[in-house]
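Q:
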Amino acid sequence: MKYLTELVSVAVGVVILIFSNLYVSQYASFLVSFLNVLGGLIASVPPVFLFYAKYRKNKEIEEQFIVFIRDLNDSINSGMTLPLALNHCSKRNYLSLSKYVNEISAQVDWGIPFEKALKNFSDKIHSLAVKRAVTTITETYKVGGKLTDTLEAISRALITIEKIKKERSASVRSQVVTSYMIYFVFIFILVVMQ
Numbered sequence: 001m002k003y004l005t006e007l008v009s010v011a012v013g014v015v016i017l018i019f020s021n022l023y024v025s026q027y028a029s030f031l032v033s034f035l036n037v038l039g040g041l042i043a044s045v046p047p048v049f050l051f052y053a054k055y056r057k058n059k060e061i062e063e064q065f066i067v068f069i070r071d072l073n074d075s076i077n078s079g080m081t082l083p084l085a086l087n088h089c090s091k092r093n094y095l096s097l098s099k100y101v102n103e104i105s106a107q108v109d110w111g112i113p114f115e116k117a118l119k120n121f122s123d124k125i126h127s128l129a130v131k132r133a134v135t136t137i138t139e140t141y142k143v144g145g146k147l148t149d150t151l152e153a154i155s156r157a158l159i160t161i162e163k164i165k166k167e168r169s170a171s172v173r174s175q176v177v178t179s180y181m182i183y184f185v186f187i188f189i190l191v192v193m194q
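Here this note's numbering is used: the first residue of the sequence shown is 1, the next is one more, and so on.
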């Protein structure tokens with residue numbers, strides 16, 4: 001299962017909550033609030049951390065994919081064949097993406113067609129932007145278009161998409177901070193009035 005760890009964590013937290021409210025409340029009521037907090041934390045904190053770790057990894061892969069596309073384009077423009085350019089790129093460090101670049105290079109070295117190796121790569125990645133870029137690259141490669149022009153256009157498009165995401169994130173972040181400030185001021189006023 002894809003989200004087994006998250007589901008187990010939520011299930012354990014819910015079981016603790018149910019156990020504390022049904023059984024512990026009858027015998028040791030002073031433990032109920034502690035167990036409720038513990039169950040809530042167990043149900044919420046691990047899934048949040050796991051989802052955040054996956055989000056960071058995907059974001060890092062998207063950022064490094066742009067660098068990989070540029071390096072591949074530069075290698076092909078310098079006169080290397082596609083397998084040689086992939087082999088050259090596989091020796092560089094692309095952080096979380098390095099494993100996938102090495103797989104693509106190895107598959108092409110083993111005789112698997114380039115478009116099939118890229119398809120295998122896009123099936124493992126959970127990023128819509130990368131999947132779209134891979135689809136564009138494979139279609140260009142199939143029809144025999146100039147791959148370097150396509151790689152250059154894709155890298156420019158991915159950079160533009162990344163800039164738009166950062167601008168949107170900055171805009172939303174300021175609104176979230178404002179909302180939290182209003183909330184805490186409201187809570188402070190309620191506490192002072194009592």
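Glycine residues also receive a C-beta, built at the ideal position from the N, C-alpha and C atoms. In this text, all values refer to a predicted model and were calculated from it rather than measured experimentally.
Quick one: residues in its chain with C-beta nearer than 7 Å to the C-beta of Ser33, no 5 flanking neighbours on either side, listed in chain order?
A: Nothing meets the Cβ criterion.
Q: Would you report the Cα separation of Thr178 and Ala170, rounded to the nearest angstrom?
A: Those two C-alpha atoms are separated by around 13 Å.
Q: Take the Cβ of Ile18 as the centre, count every other Cβ of all protein chains shown within 10 Å, and call the residue buried at 16 or more, exposed below.
A: The residue is exposed, with fewer than 16 neighbouring Cβ atoms inside 10 Å.
Q: On a CA-only basis, which of Ser96, Gly79, Ala153 is nearest Ile137? Give me that one, please.
A: Among Ser96, Gly79, Ala153, the Cα nearest to that of Ile137 belongs to Ala153.
Q: Under three-state DSSP, which class holds Ser127?
A: Of the three classes helix, strand and coil, the one that applies to Ser127 here is coil, per DSSP.
Q: Along the chain, where does the alpha helix (DSSP H) containing Ile66 start, and where does it finish?
A: Looking at the DSSP string, the run of the alpha helix (DSSP H) that includes Ile66 is 32-77.
Q: Hey, quick one: how far does the alpha helix (DSSP H) through Met80 stretch, first residue to last?
A: Neither: Met80 is in no alpha helix (DSSP H) and is coded neither H nor E.
Q: Considering only C-alpha positions, which residue in the set Lys119, Ser96, Leu97 is nearest to Gln107?
A: Minimum Cα distance to Gln107 is reached at Lys119.
Q: Using a Cβ-Cβ cut-off of 8 Å, state whether Ile182 counts as contacting chain B.
A: Given the protein chain composition of this structure (a single chain), no chain B is represented.
Q: Can you tell which of Phe121, Ser96, Leu84 has the C-alpha that lies nearest to the C-alpha of Asp109?
A: The candidate whose alpha carbon is nearest that of Asp109 is Leu84.
Q: Report yes or no: do three or more beta-carbon pairs, one from the segment 13-29 and one from the segment 70-77, lie closer than 8 Å?
A: No contact exists between the segment 13-29 and the segment 70-77.
Q: Output yes or no for whether 8 Å exceeds the beta carbon distance between Thr148 and Ile104.
A: Against a cut-off of 8 Å, the Cβ pair of Ile104 and Thr148 comes out as no contact.
Q: Is the CB-CB distance between Asn58 and Ser122 below 8 Å?
A: Against a cut-off of 8 Å, the Cβ pair of Ser122 and Asn58 comes out as no contact.
Q: Using the Cα positions of Ser174 and Arg168, report the straight-line distance between them to the nearest angstrom.
A: For Ser174 and Arg168, the distance between alpha carbons rounds to 10 Å.
Q: Mapping the DSSP letters down to three states, classify Ile93 as helix, strand or coil.
A: At residue 93 the sequence reads Asn, which differs from the Ile that was named. DSSP places Asn93 in coil when its eight states are reduced to three.
Q: Can you tell me which of Arg132, Phe184, Leu82, Lys131 puts its alpha carbon nearest to the alpha carbon of Gly111?
A: Residue Leu82 is the option with its Cα nearest to Gly111.
Q: Which whole-angstrom value is the C-beta distance of Ile61 and Val130, which I expect to be below 8 Å?
A: Confirmed, about 7 Å.
Q: Do you know how far the Cα of Lys54 is from the Cα of Lys2?
A: Cα to Cα, Lys2 sits roughly 12 Å from Lys54.
Q: Thinking just about the alpha-carbon of each residue, which of Phe188, Ile66, Glu115, Ser78 is nearest to the one in Gly144?
A: When each option's Cα is compared against that of Gly144, the closest is Glu115.
Q: Using a Cβ-Cβ cutoff of less than 7 Å, which residues in the same chain neighbour Ile161 once the five nearest sequence positions on both sides are dropped?
A: Correct list, in chain order: Ala129.
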